[in-house]
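Notes for the one structure printed next.
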């Protein structure tokens with residue numbers, strides 16, 4: 207494990223570890239653009255309550271996201287997990303200043319960085335995977351050379367991440383008018399994924415990573431097809447699941463509330479009545 211504070215405003219953190227116990231770590235971070243290359247394992251955290259899931263259990267993955275204001279991070283540590291990663295952070299104001307050199311060209315990237323926490327993933331090149339390994343296991347321990355060594359590799363990794371994000375935004379902004387049939391099938395794919403995983407910890411970030419669509423595209427395609435937001439659909443589908451479980455399986459109201467993702471039975475009852483026009487107890491007694 208190592209840390210390096212580069213003059214180019216990059217903070218570089220590397221680790222190749224096995225977690226020895228279950229734990230939760232809380233710490234503060236400033237506004238920053240963050241790039242992670244996860245070679246192995248899974249990193250789960252929350253930034254001010256917004257979940258970030260960096261999952262590379264199947265193959266190495268690159269991730270880029272921004273924290274648009276100082277935030278509290280909660281990191282979830284799982285005993286026995288092996289994690290090999292490089293995390294690079296650059297001050298948000300430094301990156302935004304670079305983007306201002308060509309504001310029209312980089313407007314989509316600047317908007318993405320300042321719109322809250324939204325994670326994009328990409329498949330790192332072989333070159334970047336090699337540089338990641340070199341950062342984790344550097345070829346020198348000389349302090350002067352190590353700083354330069356780390357900074358040069360960190361900058362190259364950061365550059366590829368920005369390039370991948372730029373390529374994605376160009377693709378999104380230059381697409382022809384969406385094919386209605388293609389949009390319909392994509393909306394169906396989103397809906398089916400949600401219903402198949404309705405009891406999982408679903409959120410826009412995990413849906414984006416799982417389905418390979420940006421958060422903006424997910425929301426637009428789904429709203430156009432079904433006239434409701436993804437968040438509202440998830441909430442109502444969980445309520446339907448909870449109602450069916452009470453009526454068919456005899457779950458208590460407290461159990462149904464937990465199943466629907468509510469920690470408070472009172473909040474569950476309010477949401478239930480708003481959707482179905484009756485209280486959970488009336489539904490259960492039918």
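Numbering (the numbering used here), first residue to last: 207 to 492. Glycine included, each C-beta is placed from N, C-alpha and C at the ideal position.
Judged by beta-carbon spacing, residue 297 lies beyond the 7 Å limit of residue 219, meaning their Cβ atoms are not closer than that value. Short of 7 Å from the beta carbon of residue 331, and not among the five residues preceding or following it, lie these beta carbons of its own chain, in chain order: 366. Taking the C-beta atoms as reference points, residue 475 is found nearer than 7 Å to residue 485. In the DSSP annotation of this structure, the continuous segment of the alpha helix (DSSP H) that includes residue 451 starts and ends at 436-455. With respect to the 7 Å criterion, residue 327 and residue 269 are classified as neighbours on the basis of their beta carbons.
Taking C-beta atoms under 8 Å as the contact rule, residue 451 and residue 465 qualify, at a distance of about 6 Å. DSSP places residue 486 in the helix class (H, G or I) of the three-state scheme. By the 16-neighbour rule on beta-carbons within 10 angstroms, residue 226 is exposed. Taking C-alpha positions only, residue 221 is separated from residue 301 by approximately 25 Å. Uninterrupted beta strand (DSSP E) stretches at least 3 residues long and entirely within the stretch 306-362 occur at 326-328, given in chain order. With fewer than 16 other beta carbons inside 10 angstroms of its own, residue 483 counts as exposed. Leaving aside the five residues that flank residue 435 on each side, the residues in its chain whose CB is nearer than 8 Å to its CB run, in chain order, 425, 428 and 429.
Taking C-alpha positions only, residue 294 is separated from residue 487 by approximately 52 Å. Taking all protein chains in view, the Cβ of residue 454 is surrounded by fewer than 16 other Cβ atoms within 10 Å, so the residue is classified as exposed.
Comparing alpha carbon positions, the residue from 241, 406, 325 and 342 closest to residue 420 is 325. Within the same chain, Cβ atoms closer than 7 Å to the Cβ of residue 340 are found at 359, the five residues on either side in sequence being excluded.
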